[in-house]
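Each number in our numbering comes from the position in the sequence shown (counting from 1) with 10 added on.
Here a beta-carbon is modelled for each residue, glycine too, at the ideal position from N, C-alpha and C.
Written below as structure tokens is the structure these notes are about.
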Amino acid sequence: VQLQASGGGLVQAGGSLRLSCEASRITFSIDAIGWYRQVSGAQRELVAGISSSGSTDYAASVKGRFTISRDNAKNTVYLQMYSLKPEDTAVYYCHAVVYELGLPYDYWGQGTLVTVSS
């Protein structure tokens with residue numbers, strides 16, 4: 011599985027961005043897929059995730075501001091980000107869990123930088 015993330019950039023505080031992550035080279039079905047982010051020197055943290063059934067999970071810091079969605083036909087997951095804050099500045103990584111022959115495997119995209127200026 012390859013994950014190609016896009017949509018990062020520079021935005022002013024209060025602005026919005028939409029990240030996209032397209033999965034390719036899929037042999038088995040993607041189970042959960044979502045977004046993590048990482049600031050230099052800190053651990054990577056979950057931002058939002060969505061299961062194959064459509065249930066979602068969000069970090070407390072982004073609830074009400076970010077919305078995750080997936081288009082299974084396009085093998086793409088989106089992260090719509092509103093009311094961005096400077097503390098949202100990070101490299102955002104797409105992550106997918108794929109069950110292959112009953113075992114879970116983690117896949118990561120290359121990361122896309124989101125910079126929110128104050």
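- For residue 123, count neighbouring Cβ atoms within 10 angstroms of its own Cβ and tell me buried if that reaches 16, exposed if not. exposed
- Beta-carbon separation of residue 102 and residue 18 under 8 Å? yes
- Query: Any chance the region 93–107 sits against the region 42–61, with 3 or more Cβ pairs inside 8 Å?
  - Reply: yes
- Item | residue 120 - containing beta strand (DSSP E), residue span | Looking at the DSSP string, residue 120 is not in any beta strand (DSSP E), and its letter there is neither H nor E.
- Task: Check each candidate in 85, 48, 25 and name the one with the smallest Cα separation from residue 100.
- Result: 48
- Query: Leaving out five residues before and five after residue 127 in sequence, what residues of the same chain have Cβ atoms less than 6 Å from its Cβ?
  - Reply: 22
- Message: Since residue 15 and residue 29 should fall inside the 8 Å C-beta cutoff, what is the C-beta to C-beta distance between them, to a whole number of angstroms?
- Response: 6 Å
- Check the DSSP bridge columns for residue 54 and list the partner residues they point to. Answer is none; residue 54 lacks a bridge partner.
- Can you give the Cα-Cα distance for residue 39 and residue 59, rounded to whole angstroms? 16 Å
- Query: Quick one, which of 98, 112, 110 has its alpha-carbon nearest residue 25's?
  - Reply: 98
- Item | Minimum length 3: unbroken beta strand (DSSP E) runs contained in the region 11–37 | 12–16, 19–22, 27–34
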